[in-house]
Amino acid sequence: MSQSAYNEAQIKVLEGLEAVRLRPGMYIGSTGPRGLHHLVSEIVDNAVDEALAGFCDAIDVVVEPGDVVRVADNGRGIPVGMHPDAGIPTPQVVYTKLHAGGKFGDGGYKVSGGLHGVGASVVNALSEWLEIEIWRDGFAWTQRYARGVPQTGLDKGEATRKRGTQVRFKPDPEIFAKTTFSVEVIAKRLRELAFLNPGLKIRLRDMRPLPEDGSGGSEPYDTTFDYPGGVADFAEYLNDELDALHPPIVFTGESNGIEVEFALQYNDGYTEAVTSFCNCIHTMEGGQHETGFKVAHTRVMNEYARKLGVWKKKENLSGADLREGLVAIINVRMTNAEFEGQTKTKLGNVEARSACEEITADHLAAYLEEHPDVARAILDKAVKASQARSAAAKARKAVRTGKSQKVKTSLDGKLTRCSSRKAEDNELFIVEGDSAGGSAKQGRDRIHQAILPLKGKPLNTEKATLAKVLSNKEILSIVQAIGAGIGSDFDLSEANYGRVVILADADDDGAHIRCLLLTFFYRFMKPLLTDGRIYIAQPPLYKAERKVKKTTEQVYAWSDEELQALLKRWRSKSVVVQRYKGLGEMDPSQLWETTLNPETRTLLRVTIDEAVLAERQVRVLMGSKSEPRKHWITEHVHFGDDGAPALQG
Ligand code: 28G
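Numbering (this note's numbering), first residue to last: 1 to 649.
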């Protein structure tokens, strides 16, 4: 290449990198945490492509102190020679030329070039510095960049027998508001990639100093994701906390140059969790491969149900009924995948539909024939689902039209309404126990606060069908009080209250009641949760009293620390401390002052972090095993101070 042509090419590269730095969102979606973590995926995807090509079986990802990320693979190493067209070393082409990533024309399926598929040069442009090290042809080769601009040539270093590629980079704080990585977010993607690429071992380490407050645990993070069972392991992982009805059903096949694999495993829950991928990209919006699978699955299951005689009605079992409690992984590999939809995570290729339909139909029918017991268990479940669905439709209609007998009696004398008709200003307090309910009734603000006392524990709705839920008086009274329907009919705009506050004792029973109510809201009135309308009241744990010049001074404490601090301040002999064992011990004025009065109370808003609404966690929350659920709630349901900005989102 002539000198002037070379200069021209360089200018183009600089212009390209400048465009990336000017509009980073266009290339990586955002400059928030998602975009930041996307940088890691972008680099890792290149290593996975090397694995897919069959030359690499280990990827090492390290978050180093200072939030520097290091990714290394044991592949062939990027070729270190001069690139024939560009006249610069090939690695520099990969790391400075826009859209060089993924579409090398090396053939085969590629992970990179998928979702954003912007390639390594974008990561380079958005990094304060980036350093590559390639082990190839008997030597280590290194090159350093700053904000995408080469600082060195591709330097030949020491002799080595190693092979592979390593990248270290520090995201640019001029671009990213926050440059702190979450090892959990990185782990989620790496685990997924390991499931989708059996034989590939991906190790993730966090070498940053552990936080002083112990929030990061006492052990440094070091995990290797290695799943020889591939998608079958993936299905088992998603079903981990639940009771599976059978070992994963796996089938693979090839049709029209499209490779397809499926893993299916039913659990005894009610959630459908069909998760699909194309070329290792999570197709969150579904697409043709999912459609093909679902169509064939519904057809084959119906045929078999009739053959077995478990279903005789004229209309078929619906796909939704047949997918209750199903965890399914769909993984396709194909060339020229087209991603569509809002977030470009919907597979558009129609050929993927026919391939998935064909392979599902063939293999599923054969499986059912060979495993009649499993087939019967699945079909019995679907028949029940269908019956529950029609019963629920009837019950729901009754609740809506107020025709149900129970509806009238359930609210009679139970709900103490407030007088304001402006729903958004009103609060519904769901109170544990009749005696506390009585105090709350007397102590409340009659204009804006309504009281609904609960007798005993609400129904456990984690496994209950809608029909069952609606036959429970306590639950029905909540549904009626809120007045916005239930389940898929729930309409937030019809809710009678701007806030729903759970007021339960600060003991284990109270915690259980909170948990049951949250489960109910989660399953049947989710918009209340996502809209941030569910709160937990915070009654004090202690009352301390002392005599000061013939008057009594009362102070409340919400924690042991608070009480100790108070006692230290007072240091007088005549202090009387009362520990509240239950709400019932508080008189109406005390309850108002400490718990109900908007001026003085503390409410915790329950927010469910969007990111953890992932199906797995949902099913853990709803599952039958109580331990994982407890764990989930403490980890993922965040209780924060009302109005704290961090929790508004
Ligand atoms: C460590 C972090 C991420 C990679 C390779 C291996 C090759 C390669 C990467 O080639 C350039 C252009 C068209 C062929 C390919 C090595 C063929 C032969 C490779 C990575 C060369 C890209 N030998 N490993 N790129 N093509 N790992 N890990 O990025 O002509 S990128």
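Yeah, the Cβ is synthetic: ideal placement off N, Cα and C, and Gly gets one too. All of these numbers come straight from a predicted model, not from anything done at the bench.
- As a beta-bridge residue in DSSP terms, residue 142 pairs with 133, 155.
- In summary, residue 576 is exposed, with fewer than 16 beta-carbon neighbours lying within 10 Å of its beta-carbon over all protein chains present.
- Taking 3 residues as the minimum length, the beta strand (DSSP E) runs contained wholly in the stretch 442-478 are 449-454, in order along the chain.
- For the pair residue 428 and residue 242, the Cα-to-Cα distance works out to about 34 Å.
- Distance from the CA of residue 454 to the CA of residue 415, rounded to the nearest whole angstrom, comes to 10 Å.
- DSSP places residue 304 in the uninterrupted alpha helix (DSSP H) bounded by 288-308.
- Residue 20 counts as buried, since no fewer than 16 other beta carbons sit within 10 angstroms of its beta carbon.
- In this structure the stretch 199-209 lies against the stretch 56-66, because at least three pairs of beta carbons, one per stretch, are closer than 8 Å.
- Under DSSP, residue 282 forms a beta bridge with 277.
- Non-local beta-carbon contacts of residue 459 in its own chain, meaning distances under 7 Å to residues more than five positions away in sequence, involve 469, 472, 474, 475 in chain order.
- In this structure, residue 467 and residue 483 do not form a Cβ contact; the two beta carbons are roughly 20 Å apart against a cut-off of 8 Å.
- The beta carbon of residue 516 sits closer than 8 Å to the beta carbons of 457, 458, 459, 460, 461 from its chain, once the five residues preceding and following it are set aside; these are given in chain order.
- With 16 or more other CB atoms across the displayed protein chains lying within 10 angstroms of its CB, residue 75 is buried.
- Here the alpha carbons of residue 223 and residue 464 stand approximately 37 Å from one another.
- A direct Cα-Cα distance of roughly 18 Å separates residue 359 from residue 327.
- Closest in C-alpha terms to residue 150, from the list 203, 71, 73, 11, comes 11.
- In this structure, residue 201 sits away from residue 329, with a CB-CB distance that is not shorter than 9 Å.
- If the five residues before and after residue 578 are omitted, its C-beta is found closer than 7 Å to the C-beta atoms of 542, 543, all from its own chain and listed in chain order.
- Shown here for residue 342: same chain residues with a beta carbon closer than 8 Å to its own, the five before and five after excluded, namely 285 in chain order.
- The residue from 47, 538, 574 with its alpha-carbon nearest to that of residue 552 is 574.
- Sequence-distant partners of residue 591 (beyond 5 residues in either direction) whose C-beta falls short of 8 Å from its own C-beta, in its chain, are 436, 439, 440, 443, 539, 583.
- A Cβ-Cβ distance of about 7 Å is found for the pair residue 386 and residue 318, placing them in contact under the 8 Å criterion.
- When 152, 79, 40 are compared, the shortest CA-CA separation from residue 71 is found for 40.
- By the Cβ-count criterion, residue 28 is buried, with 16 or more other Cβ atoms from all chains shown falling within 10 Å of its own Cβ.
- Residue 277 and residue 332 have their C-alpha atoms some 6 Å from each other.
- In terms of Cβ geometry, residue 194 and residue 221 do not form a close pair [threshold 9 Å].
- For residue 33, the enclosing alpha helix (DSSP H) stretches over residues 33-52.
- By the Cβ-count criterion, residue 152 is exposed, with fewer than 16 other Cβ atoms from all chains shown falling within 10 Å of its own Cβ.
- For the stretch 470-539, the continuous alpha helix (DSSP H) assignments of 4+ residues that do not extend past its boundaries occur at 473-482, 508-524, 526-530, in sequence order.
- Put simply, of 368, 140, 522 the residue whose alpha carbon is nearest the alpha carbon of residue 250 is 368.
- When 61, 62, 42, 73 are compared, the shortest CA-CA separation from residue 54 is found for 73.
- Around the Cβ of residue 504, a 10 Å sphere holds 16 or more other Cβ atoms; the residue is buried.
- With a cut-off of 8 Å, the C-beta of residue 77 is classified as near the ligand 28G, since at least one heavy atom of the ligand falls inside that distance.
- As the crow flies, the alpha-carbon of residue 421 is around 52 Å from that of residue 349.
- Residue state for residue 324 is assigned as coil, using DSSP reduced to three classes.
- Taking C-beta atoms under 8 Å as the contact rule, residue 80 and residue 86 fail to qualify, at a distance of about 14 Å.
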